[in-house]
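The structure appears below as structure tokens.
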Amino acid sequence: MSGIGNLIWIVYLVNFAIIVAIVCFQKDNPATSMAWIMCLVTFPVVGGMLFLIFGVGVRALTEKKYKEKLEMNEKYILEQQKEYAEKHSDIPESDIIKYFLNCDSVYTENNEVEIFTDGKDKYRRLFCDIEGAKERVELLYFIFNDDMTGNALMDLLVKKSNEGVKVRLLYDGGGTMMVPKKFFKKLSDSKNGQAAEFFSVRLSSLYKVNHRNHRKIVIIDGETAYLGGMNIGDEYANISKKKKPPFRDTHLRIHGEAAEYAARCFAMDWEFSTGERISVKNLAGSFDMKEKLPMQIVASGPDSRNEEIKCGMIKMINSAKKYIYIQTPYFVPDQAFLTALELAKKSGVDVRIMIPGIPDKKYVYHTTMSYIGELLEIGIKVYLYPGFIHAKTVTADDKMLTIGSTNADIRSFKLLFEINAFMYDEKTAQKSRKIFEEDMKKCEILTAEKYAKRGILKIVQEGFFRLFSPIM
């Protein structure tokens, strides 16, 4: 047998061994296992390599090293809150609050928030807060570009560091793969600055390459937090020199007790990446807002089996009586999420979803459109934003909403490290609804009739890419 023949046999034997391992040991959704088996059969040469890079999870590693035990005072707070939630089960949002309490997400009320829908406004406020920092600034970003916006922020961080403020920057190794390391070294070389990488992209750690830290967190002096969809880059402020479609995103500024729990999420990510344990400012009793804004900061990722943010969104959908408005750049749901939307619509809830009219990733867009067809069939309204909408929001009944880094897709639900704020406040939910309605005025409504005329090539593309949706 020739050398090439031997190589082919080896490839098939390796693929067969991987398929046996998937069947015997993969405990994920059967659809995910089947998608990998199809990938191995369809692309025998590269399928095994793709599985080793993208299919092997990090849960065993991260459950041991990443999830630190809750501190005793936080355990006590959670137990007290669970008792309170049991006694006040008449509160409309009590079910979702209790669910998150059981997932170790603390409930706070002394908070105030600002919602940003324009990158320039967010950066202006963020830069002002950092300029006013007295003790410490912590930042975590999936993307931190070496462009005008990125350099302006980096210069400010270096300046504050040299003034005596402790500055820590954690950046994702995949999202910043094309950014020169010397760009981040500027902060490390400053007086009180540190920059670290989360999951660097190396041959020795390819099994982690698909598990990115998609969170966007900033903590100023332990009392003010930013989170949402906006990374650091010119495109998020619509000032990119590259020819790109209009960009729309949503971000949140939190001042109050909830900032502590965004800070705890950062602290865990920082310790996991650097080995350094940092203190978190205890904000219990530090604020007494005239107007309470109840919320829970919820983190999820491949280190957990619970898919907390996805399940929280499903709880919101299931509890809605009047409407559910969703904005997401990608819509690749699992069956549980899709079924929740269908049940809500068939129960008389006004369900509306807004997605980009101009995609950034064609293969994901084809997959998204394959699911959109199912929504249109049952009367769910779909809006195409005239550009790229990167916002990740869910709003329900003028009672609750969530804003964060999580897309409505399997990748965000299972594979990426994410963070969202779940808020239970009428005024804030109304504001979020009005933002959605203003965006609607710019959108094109996608009708079932127009969808049916999209052409055979698109139908084939959608069908093909949907086969691999569980592993995208």
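Letter by letter, the sequence shown follows residues 0 to 471 in numbering that gives the first Met the number 0.
Glycine included, every Cβ here is placed at the ideal spot set by N, Cα and C.
Helix, strand or coil for residue i per DSSP?
i	result
Phe-286	coil
Asn-212	strand
Thr-475	Residue coverage of the chain in this structure runs from 0 to 471, which leaves residue 475 outside it and unanswerable.
Arg-252	strand
Glu-270	helix
Asp-171	strand
Ile-219	strand
Gly-462	helix
Ile-129	helix
Lys-81	helix
Glu-196	strand
Ile-142	coil
Lys-165	strand
Val-105	coil
Asn-150	helix
Glu-134	coil
Ala-257	coil
Glu-111	strand
Phe-246	strand
Ile-238	coil
Ile-444	strand
Ile-277	coil
My assumption, with CB atoms under 8 angstroms, is that residue i sits in contact with residue j. Please give the rounded CB distance.
i	j	result
Tyr-370	Leu-337	7 angstroms
Lys-314	Asp-128	In fact, because the Cβ distance is near 32 angstroms, the residues do not count as touching under 8 angstroms.
Ser-468	Gly-228	Contact flag wrong, Cβ pair sits at about 22 angstroms.
Thr-475	Phe-330	Only positions 0 to 471 of the chain appear in the structure, and residue 475 is not among them; the question remains open.
Tyr-488	Thr-148	The displayed coordinates of the chain run from 0 to 471. Any statement about residue 488 would go beyond what the structure contains.
His-365	Glu-306	With a Cβ gap of about 24 angstroms, His-365 and Glu-306 do not count as contacting.
Leu-226	Ala-420	6 angstroms
Leu-374	Leu-342	The Cβ separation is near 13 angstroms, so there is no contact.
Ala-194	Lys-159	Actually they are not in contact, since the Cβ atoms of Ala-194 and Lys-159 sit about 14 angstroms apart, beyond 8 angstroms.
Does the distance from the C-beta atom of residue i to that of residue j stay below 8 angstroms?
i	j	result
Thr-446	Leu-292	no
Asp-248	Ser-239	no
Leu-383	Glu-443	yes
Ile-388	Ile-354	yes
Gln-80	Val-112	no
Asn-209	Gly-118	no
Glu-259	Gly-221	yes
Lys-98	Cys-264	Position check: residue 98 holds Tyr in this sequence, whereas Lys was assumed. No; because the gap between Cβ atoms is not below 8 angstroms, this pair is not in contact.
Leu-125	Leu-156	no
Met-288	Ala-257	no
Val-166	Glu-134	no
Ile-379	Ile-352	yes
Ser-299	Ile-308	yes
Gln-429	Asp-397	yes
Thr-394	Tyr-450	no
Val-178	Asp-154	no
Leu-139	Lys-215	yes
Asp-268	Asn-191	no
Ile-114	Leu-251	yes
Ala-262	Ala-224	yes
Apply the 10 Å Cβ neighbour rule to residue i and answer buried if 16 or more other Cβ atoms are within range, or exposed otherwise.
i	result
Asn-109	buried
Glu-417	buried
Ile-455	exposed
Ile-142	buried
Ile-231	buried
Asn-281	exposed
Asn-161	exposed
Ala-59	Here the model assigns Ala-59 a pLDDT of 44, short of 50, so the residue's position is not dependable and the matter cannot be decided.
Leu-100	buried
Gln-326	buried
Ile-377	exposed
Asp-424	buried
Leu-245	A quick correction: the sequence has Pro, not Leu, at residue 245. By the 10 Å Cβ count, Pro-245 comes out exposed.
Using a Cβ cut-off of 8 angstroms (strictly closer), state whether residue i contacts chain B.
i	result
Gly-118	Among the protein chains of the structure shown there is no chain B, as only one such chain exists.
May I have a chain-ordered list of the beta strand (DSSP E) segments no shorter than 3 residues that lie completely inside the stretch 417 to 442?
417 to 422
At what residue ranges does the stretch 293 to 341 contain a whole run of the beta strand (DSSP E), taking only runs of 3 or more?
294 to 299, 322 to 326
Let me know the alpha helix (DSSP H) ranges lying completely inside the stretch 336 to 415, each 4 residues or longer, listed in chain order.
361 to 376
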